[in-house]
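These notes concern the structure reproduced below.
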Amino acid sequence: MNSIINHESNKQKCQKFTSQNEVKKMLDLADYKENLFGKKILEYSFGNGNIIKEVVKRYIDDAFKKKITNEEISKGLSADIYGIEIDIELYKKCVDDLNCLIEKYGIPSVNWSLFCRDTLKWETEIKFDFVIGNPPYISYRYIDSKNRDYIKRNFSCCQKGKFDYCYAFLEKGIKLLSKSGKMVQLVPSNIYKNVFANELRKMLVKGIEIILEYPDQSLFKDTLTTSSIFLFKNNSSKTAVKYLNVTQNKHFVISKKSLGDKWEFKAQEKESSSVKMIRFGDRYNASSSVATLLNEAFVIEESGNIESACLRRGATPRLLRNQKHTYIIFPYYFSEQGDLQHYDENDFKNRFPNTYAHLLNYNKDLLKRNSDKSAEWYEYGRSQALRNINQEKLIISTVITNRVEIYNLDRDTVPYSGIYIIANNEEYPLNKAKEILEDKSFFEYITSRGLSVNGKSIRITCKDINDYYFKEE
Numbered sequence: 014m015n016s017i018i019n020h021e022s023n024k025q026k027c028q029k030f031t032s033q034n035e036v037k038k039m040l041d042l043a044d045y046k047e048n049l050f051g052k053k054i055l056e057y058s059f060g061n062g063n064i065i066k067e068v069v070k071r072y073i074d075d076a077f078k079k080k081i082t083n084e085e086i087s088k089g090l091s092a093d094i095y096g097i098e099i100d101i102e103l104y105k106k107c108v109d110d111l112n113c114l115i116e117k118y119g120i121p122s123v124n125w126s127l128f129c130r131d132t133l134k135w136e137t138e139i140k141f142d143f144v145i146g147n148p149p150y151i152s153y154r155y156i157d158s159k160n161r162d163y164i165k166r167n168f169s170c171c172q173k174g175k176f177d178y179c180y181a182f183l184e185k186g187i188k189l190l191s192k193s194g195k196m197v198q199l200v201p202s203n204i205y206k207n208v209f210a211n212e213l214r215k216m217l218v219k220g221i222e223i224i225l226e227y228p229d230q231s232l233f234k235d236t237l238t239t240s241s242i243f244l245f246k247n248n249s250s251k252t253a254v255k256y257l258n259v260t261q262n263k264h265f266v267i268s269k270k271s272l273g274d275k276w277e278f279k280a281q282e283k284e285s286s287s288v289k290m291i292r293f294g295d296r297y298n299a300s301s302s303v304a305t306l307l308n309e310a311f312v313i314e315e316s317g318n319i320e321s322a323c324l325r326r327g328a329t330p331r332l333l334r335n336q337k338h339t340y341i342i343f344p345y346y347f348s349e350q351g352d353l354q355h356y357d358e359n360d361f362k363n364r365f366p367n368t369y370a371h372l373l374n375y376n377k378d379l380l381k382r383n384s385d386k387s388a389e390w391y392e393y394g395r396s397q398a399l400r401n402i403n404q405e406k407l408i409i410s411t412v413i414t415n416r417v418e419i420y421n422l423d424r425d426t427v428p429y430s431g432i433y434i435i436a437n438n439e440e441y442p443l444n445k446a447k448e449i450l451e452d453k454s455f456f457e458y459i460t461s462r463g464l465s466v467n468g469k470s471i472r473i474t475c476k477d478i479n480d481y482y483f484k485e486e
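In the numbering used here, the protein residues as written are 14 to 486.
Dropping the structure here:
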């Protein structure tokens with residue numbers, strides 16, 4: 014068995030079976046209802062067989078209506094219905110269930126075109142009229158190096174970044190479609206927003222016609238993943254996508270041209286030509302907080318004997334929400350002109366012997382960090398965020414739940430989690446930025462653009478904030 018599924022924790026993650034309600038919805042969306050004899054369909058990760066069993070039922074019922082003989086139906090089931098499942102136990106159980114099913118219909122035994130294989134390595138010359146599925150979702154960190162390398166070499170949507178296992182399945186499905194074939198898939202909603210799914214979205218955008226989304230609920234037991242069902246049609250001429258928020262019963266049509274690097278699902282409004290829209294990032298700048306890459310060495314609850322000149326107040330959105338604070342060692346200083354300056358190691362040791370001794374306790378771990386090449390062992394792993402840190406700023410969490418919470422920080426406080434925001438110019442006051450981001454329009458914007466963490470929370474990025482447009486008063 015493929016090592017990626019053989020891993021017990023991966024089995025639990027990806028073997029989430031499609032409910033009967035969703036199965037029927039998916040097949041209806043593909044219009045797999047009538048005139049099915051002679052049309053080829055593939056279910057390429059059939060699991061316990063919920064989808065493929067419904068496919069067989071519809072196929073037989075439709076054939077009976079067309080007065081096709083039982084013997085011809087048996088041959089048709091073998092020629093038209095294909096399935097793949099890598100787990101041998103699930104494979105055998107599904108075959109047994111299908112044999113019981115056709116026996117009830119009085120259909121002679123079928124030489125099933127079902128394969129116990131790795132879908133991503135399965136090769137065929139067949140092109141399918143329908144590809145239906147609920148592909149396995151496995152995040153990049155749980156994919157072993159051998160499978161990672163194979164997927165990167167063979168699937169163009171996975172050549173960059175931290176892809177999900179299901180991305181390769183979706184690309185495989187597109188490749189297996191006939192010229193006018195349809196693909197319906199039940200997928201995690203984050204494929205529409207995740208930065209690493211950008212190449213996948215480029216493949217999908219031309220053919221995608223309908224998207225059903227369940228943003229406030231999970232379709233699978235014991236999982237926080239929010240789901241979506243989409244219809245993709247090869248050689249589609251549609252220039253817009255029909256979108257339905259199933260949970261809230263909201264539906265509208267979205268122009269494909271308006272879908273950017275992240276797909277935002279919201280009704281499109283025509284703005285008055287007299288209203289000027291301002292990009293937030295043109296007046297303010299949202300940046301990632303400092304990254305020490307070893308907080309246990311730099312973040313301390315009490316100042317202790319650390320020299321005060323090498324110590325600053327530390328802040329995170331969670332600490333501020335709970336009205337708590339910490340200190341953080343700051344092994345830098347700023348010139349009179351406001352430029353970040355670095356200490357020579359000997360100078361640092363002589364000026365701050367207690368701080369140096371404290372960090373020396375973590376020397377081995379600090380040296381193991383994947384730090385910037387220019388970073389000294391006693392400095393933060395990343396220095397990019399430090400350049401603009403020495404001024405008044407706002408801080409916001411990367412995960413938003415129910416409402417946006419923003420906090421003010423003074424120039425000396427160092428944010429080491431979340432996103433911090435500064436003004437690009439003294440003309441733009443920070444309290445105005447706070448007002449803009451606390452407005453309900455921004456919350457609606459990130460709800461449509463952010464990455465769903467679970468049914469209630471949205472993960473946002475600095476780019477999401479900087480790319481927000483607000484109305485100028």
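We put the beta carbon where it would ideally sit given N, CA and C, even for glycine. No experiment lies behind these values; they were computed from the predicted model shown.
Looking only at its chain, what residues have a beta carbon closer than 8 Å to the beta carbon of Asn415, apart from the 5 residues adjacent to it on each side?
Counting from one through the sequence shown, the residue named residue 415 turns up at place 402. Correct list, in chain order: Lys469.
Could you tell me the distance, in whole angstroms, from the CA atom of Glu152 to the CA atom of Lys263?
On the sequence shown, position 139 is the one that residue 152 refers to. On the sequence shown, position 250 is the one that residue 263 refers to. The question names Glu, but residue 152 is Ser in the sequence shown. When only Cα atoms are considered, Ser152 and Lys263 end up about 30 Å apart.
Of the residues Val254, Glu277 and Ile434, which one's Cα is nearest the Cα of Ser268?
Within the sequence shown, the letter at position 255 stands for residue 268. The shortest C-alpha separation from Ser268 is found at Val254.
Pick from Ala280, Phe176 and Ser193: whose alpha carbon is nearest that of Arg214?
As a first step, residue 214 must be located in the sequence shown, where it is residue number 201. Among Ala280, Phe176 and Ser193, the Cα nearest to that of Arg214 is on Phe176.
Would you call the CB atoms of Asn383 and Leu257 closer than 9 Å?
Taking the first residue of the sequence shown as position 1, residue 383 is located at position 370. Taking the first residue of the sequence shown as position 1, residue 257 is located at position 244. No. Outside cutoff.
Pairs of beta-carbons, one from the stretch 57 to 70 and one from the stretch 85 to 99, closer than 8 Å: are there three or more?
Taking one beta carbon from each stretch, the stretch 57 to 70 and the stretch 85 to 99 have 3 or more pairs nearer than 8 Å; the two touch.
Pull up the DSSP beta-bridge partners for Met196, would you.
For the purposes of this step, residue 196 is taken as the residue at position 183 of the sequence shown. Partner(s): Val144 and Phe245.
Report the residue ranges of all beta strand (DSSP E) runs contained in full by the stretch 291 to 334; include only those spanning at least 3 residues, in chain order.
297 to 301 and 324 to 328
Environment of Gln198 [buried if 16+ CB atoms lie within 10 Å]
Here residue 198 refers to the residue found at position 185 of the sequence shown. By the 10 Å Cβ count, Gln198 comes out buried.
Once the 5 residues before and after Ile81 are set aside, which same chain residues still bring their CB inside 8 Å of it?
As a position in the sequence shown, residue 81 is number 68, starting the count at 1. Phe50 and Gly89, listed in sequence order.
Is it a yes or a no for the stretch 309 to 317 touching the stretch 455 to 465, going by three-plus beta-carbon pairs under 8 Å?
no
Within 8 Å, do at least three Cβ pairs link the stretch 239 to 255 to the stretch 177 to 196?
yes
What do you reckon, are the CB atoms on Ile145 and Ile64 nearer than 9 Å?
Reading the sequence shown from its first residue, position 132 is the one you call residue 145. Reading the sequence shown from its first residue, position 51 is the one you call residue 64. The answer is yes: Cβ separation under 9 Å.
Keeping to the same chain, check which residues put their C-beta closer than 6 Å to that of Thr238; ignore five residues upstream and five downstream.
As a first step, residue 238 is located in the sequence shown; it is residue number 225 there, counting from the start. So the list reads Pro201, once near-sequence residues are dropped.
Pick from Asn203, Ile419 and Lys206 that is closest to Arg331, judged by C-alpha positions:
For the purposes of this step, residue 331 is taken as the residue at position 318 of the sequence shown. Here the closest residue by C-alpha is Ile419.
Could you pull out every residue in the same chain whose Cβ sits closer than 7 Å to the Cβ of Val218, ignoring the five residues on either side in sequence?
As a first step, residue 218 is located in the sequence shown; it is residue number 205 there, counting from the start. These residues qualify, in order along the chain: Lys269 and Leu272.
Within 10 angstroms of the Cβ of Phe77, are there 16 or more other Cβ atoms? Answer buried if so, exposed if not.
Taking the sequence shown and counting its residues from 1, one reaches residue 77 at position 64. Phe77 comes out exposed.
Rank Pro149, Lys251 and Phe456 by C-alpha distance to the C-alpha of Ile409 and give the top, closest one.
Within the sequence shown, the letter at position 396 stands for residue 409. Considering only alpha carbons, the answer is Phe456.
Judging by CA-CA distance, which residue of Asn363, Pro442, Lys386 and Glu392 is the nearest neighbour of Leu379?
Numbered from 1 along the sequence shown, position 366 holds the residue referred to as residue 379. Per the Cα distances, Glu392.
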